[in-house]
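See below for the structure under consideration.
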RNA sequence: GGCAAGUUACCCAAGCGGCCAAAGGGAUCUGACUGUAAAUCAGCUGGUGUAUGCCUACGGGGGUUCGAAUCCCUCACUUGCCA
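Residue numbers (the working numbering): 3 to 434.
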């Protein structure tokens, strides 16, 4: 993968003497099992795992928190197992408000492949403490219902299962909960047990919203094997303004460049709130404590320069995509937002900037409305008209007053920049 | 298995024969102010495009009626109580 070189540049901050100290400083430990024991366990190389369920064709920023936590642990000498939920994805973990719709087996299997592929870009699968990929379908598919109920189910008390947040929230909601989703915690417990047996895996990491499912495994191992194993739960990343983190225009930010372009990724991070940017640098970059302290000062003294946001955007875009794509995204952002005068840019700069944006090929003389729809800036003609009425639409940075105005190419070029609002830009390439 | 209540747009939720493309929140989007920030204020939010039109939409299907989100039947799902 193109990001192998990026992996090689990563390291933990040597100013921390214990990996747990660094994780805590980065705000990555929301909950954990007994800290003393955890600290002791982490002082020598251990094997740990984190699971990713195939609920979509790509991982998103929430998963990136997990991936980076795993990577930091790997850099500290521990052995990561990246688990893809070929089995748990067929069942579905309980969401707080609604029952999931089951995806068919082919879809889940295809998504498993995609998630596995993405995992390979964030962890090192070569070298001395190489990561390994595991799929829980490998050990669950061989269980018969009877074996499952006798060997695993017997260790679970319904009272305790019901009291877990994810389940009780659903029991108290209108949606209720199916037996299928109710059983999810048992499957996750089984995963940990199997990995403990097969790989001597003694720690699991995951999101704090999964705490109930994480403890399912430690409890099971304690009962069956009489051993204490460990957990680290990362906090749910939230924004200072209370809005959901990791969404842009209501859509998730995906790690797959087909779903979220490097440019969109860069823009997302560039728009990080001042109040959040330092926390984000800690969680999503490998900058050291000292470097981040410098940015903290910059944010306090000259927030309008947005140095921290720029660095954050560049770093994370490189991490998720590549150095080259990250720099292109940055250059495109500078070109399109910078001077305000697109005419001063040469065709080459502008073309490469537009390549980062959604775009459409249209015949000369096409209507502005057509361009808005064709580029995907709006979803319907009505929405396009509404946007124009609201004064949201510009062509080549010049505001459009009426839908009848001509869609002119920029200067002597055969392209135009069309925008809805300040941040939604698209390119139009004229043919003929 | 029985009884009761419920299923409304992205989410919550009102409406209980015509004035319903559906109140009110929330969320997204847009404008102003700014730093591509936050906060604040304002506006939009089914489609078609200009027709007091038409199409689609109040869980699915069927019916009553000039007219149904609203009444009836039926199916599915959800919740609660009883078994």
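No residue lacks a Cβ here, since even glycine has one placed at the ideal position from N, Cα and C.
Closer than 6 Å: residue 364 CB and nearest the ligand GTP heavy atom: Absent from the structure shown: the ligand GTP. Ligands present: none.
message: Which runs of the alpha helix (DSSP H) at least 4 residues long sit entirely within the segment 216-284? Give them in chain order.
response: 264-272
query: Helix or strand or just coil, what does DSSP make of residue 143?
result: Here residue 143 refers to the residue found at position 141 of the first chain. Three-state result, residue 143: coil.
- prompt: Does the segment 227-238 come within contact of the segment 87-98, defined as at least 3 CB pairs closer than 8 Å?
  reply: no
task: With a threshold of 16 other CB atoms inside 10 Å of the CB of residue 357, please say whether the residue is buried or exposed.
output: For the purposes of this step, residue 357 is taken as the residue at position 355 of the first chain. Answer is exposed; the Cβ neighbour count stays below 16.
Cβ contact check for the segment 389-407 and the segment 367-374: 3 or more pairs under 8 Å: yes
task: With a 10 Å radius around its C-beta and 16 neighbouring C-beta atoms as the bar for buried, classify residue 166 as buried or exposed.
output: Translated into positions along the first chain, residue 166 becomes position 164. Flag for residue 166 reads buried.
- request: In angstroms with no decimal places, state the Cα-to-Cα distance between residue 409 and residue 430.
  value: Working through the first chain from its first residue, we reach residue 409 at position 407. Working through the first chain from its first residue, we reach residue 430 at position 428. Roughly 10 Å separates the two Cα atoms.
Reduced DSSP secondary structure (H/G/I, E/B, other) of residue 436: Lying outside 3 to 434, the shown extent of the chain, residue 436 is not represented and no answer is given.
query: Pick from 253, 9, 327 and 50: whose alpha carbon is nearest that of residue 199?
result: Along the first chain, read from residue 1 onward, the residue named residue 199 stands at position 197. Checked all of 253, 9, 327 and 50; the closest Cα to residue 199 is 50.
message: So for residue 173, helix, strand or coil by DSSP?
response: Here the question's residue 173 lines up with position 171 in the first chain. The answer is helix: DSSP assigns residue 173 an H, G or I state.
message: With a threshold of 7 Å on Cβ separation, who are the neighbours of residue 79 within its own chain once the five nearest residues in sequence on each side are excluded?
response: Numbered from its first residue, the first chain carries residue 79 at position 77. The residues are 47 and 131.
message: Measuring straight from C-alpha to C-alpha, what distance separates residue 116 and residue 419?
response: Within the first chain, the letter at position 114 stands for residue 116. Within the first chain, the letter at position 417 stands for residue 419. Answer to the nearest angstrom: the Cα atoms are 34 Å apart.
query: Mind checking residue 16: buried by the 16 CB within 10 Å criterion, or exposed?
result: Within the first chain, residue 16 is the residue found at index 14, counting from 1. Residue 16 should be labelled exposed.
field: Cβ neighbours of residue 187 in the same chain (closer than 7 Å, five flanking residues each side left out)
entry: Here residue 187 corresponds to residue number 185 of the first chain, with the count starting at 1. The residues are 163, 166, 214, 215 and 218.
message: For residue 84 and residue 73, what's the separation of their Cα atoms in angstroms?
response: The residue labelled residue 84 in the question sits at position 82 within the first chain. The residue labelled residue 73 in the question sits at position 71 within the first chain. One C-alpha to the other measures close to 11 Å.
field: C-alpha gap between residue 366 and residue 260, whole angstroms
entry: In the first chain, counting from the first residue as 1, residue 366 sits at position 364. In the first chain, counting from the first residue as 1, residue 260 sits at position 258. Spanning the two alpha carbons is a distance of roughly 28 Å.
- request: Could you please give me the residues that DSSP links to residue 401 through a beta bridge?
  value: Translated into positions along the first chain, residue 401 becomes position 399. According to DSSP, residue 401 bridges with 396.
message: I'd like the span of the alpha helix (DSSP H) that includes residue 297, first residue to last.
response: The sequence position of residue 297 within the first chain is 295, counting from 1. Residue 297 -> alpha helix (DSSP H) spans 291-303.
message: Taking the alpha helix (DSSP H) that residue 194 belongs to, which residues open and close that run?
response: Numbered from its first residue, the first chain carries residue 194 at position 192. Residue 194 -> alpha helix (DSSP H) spans 186-201.
message: Suppose the cutoff is 7 Å on Cβ atoms and the five residues either side in sequence are ignored; what does the same chain contact list for residue 57 look like?
response: Counted from its first residue, the first chain places residue 57 at position 55. Here the set comprises 91.
message: For residue 21 and residue 75, what's the separation of their Cα atoms in angstroms?
response: For the purposes of this step, residue 21 is taken as residue 19 along the first chain, with counting starting at 1. For the purposes of this step, residue 75 is taken as residue 73 along the first chain, with counting starting at 1. Approximately 7 Å, taken between the alpha carbons.
- request: List the whole-angstrom C-beta distance separating residue 210 from residue 236, where the pair is believed to meet the contact cut-off of C-beta under 8 Å.
  value: Within the first chain, residue 210 is the residue found at index 208, counting from 1. Within the first chain, residue 236 is the residue found at index 234, counting from 1. Correct: roughly 6 Å between the Cβ atoms.
Proximity to residue 329 [Cα-Cα], best of 415, 267 and 54: The count along the first chain starts at 1 and reaches residue 329 at position 327. Checked all of 415, 267 and 54; the closest Cα to residue 329 is 267.
query: Grouping DSSP H, G and I as helix and E and B as strand, with all else coil, what is residue 157?
result: As a working note, residue 157 is residue 155 in the first chain. Of the three classes helix, strand and coil, the one that applies to residue 157 here is helix, per DSSP.
query: Which residues mark the beginning and the end of the alpha helix (DSSP H) in which residue 390 is found?
result: Within the first chain, residue 390 is the residue found at index 388, counting from 1. Here the alpha helix (DSSP H) through residue 390 covers 383-391.
message: Is the beta carbon of residue 326 closer than 7 Å to that of residue 274?
response: The count along the first chain starts at 1 and reaches residue 274 at position 272. The count along the first chain starts at 1 and reaches residue 326 at position 324. It is not a contact, given that the beta carbons lie outside the stated cut-off.
message: For residue 347 and residue 332, I'd like the C-alpha separation in whole angstroms.
response: In the first chain, the residue the question calls residue 347 occupies position 345. In the first chain, the residue the question calls residue 332 occupies position 330. Using only the alpha carbons, I get a separation of about 15 Å.
- request: Put residue 9 into one of helix, strand or coil per three-state DSSP.
  value: Residue numbering aside, residue 9 sits at position 7 when the first chain is read from its first letter. Residue state, collapsed to three classes: helix.
- prompt: Where does residue 3 land, buried or exposed, given buried means 16+ other C-beta within 10 angstroms?
  reply: In the first chain, residue 3 corresponds to position 1, counting from 1. In this prediction, residue 3 has a pLDDT of 44, which is less than 50 and means its spatial position is unreliable; what the coordinates show is noted afterwards. So residue 3 ends up on the exposed side.
Sub-7 Å separation of residue 86 and residue 118 beta-carbons: For the purposes of this step, residue 86 is taken as residue 84 along the first chain, with counting starting at 1. For the purposes of this step, residue 118 is taken as residue 116 along the first chain, with counting starting at 1. Taking 7 Å as the Cβ cut-off, residue 86 and residue 118 qualify as a contacting pair.
- prompt: From residue 40 to residue 315, what distance separates their C-alpha atoms?
  reply: As a position in the first chain, residue 40 is number 38, starting the count at 1. As a position in the first chain, residue 315 is number 313, starting the count at 1. Roughly 33 Å between the two C-alpha positions.
- request: Assign residue 54 to buried or exposed, taking buried as 16 or more other Cβ atoms, counted over all protein chains shown, within 10 Å of its Cβ.
  value: For the purposes of this step, residue 54 is identified with residue 52 of the first chain, where counting begins at 1. Looking at its Cβ environment, which holds 16 or more other Cβ atoms inside 10 Å, residue 54 is buried.
- request: Would you kindly check if the distance between the Cβ of residue 220 and the Cβ of residue 233 is under 7 Å?
  value: As a position in the first chain, residue 233 is number 231, starting the count at 1. As a position in the first chain, residue 220 is number 218, starting the count at 1. For residue 233 and residue 220, yes; Cβs fall inside 7 Å.
query: Taking the C-alpha atoms as reference points, what is the distance between residue 23 and residue 364?
result: The residue labelled residue 23 in the question sits at position 21 within the first chain. The residue labelled residue 364 in the question sits at position 362 within the first chain. Cα to Cα, residue 23 sits roughly 56 Å from residue 364.
message: One question on the structure: do residue 138 and residue 177 come within less than 7 Å of each other, judged by their Cβ atoms?
response: The residue labelled residue 138 in the question sits at position 136 within the first chain. The residue labelled residue 177 in the question sits at position 175 within the first chain. No, Cβ-Cβ distance for residue 138 and residue 177 is not below 7 Å.
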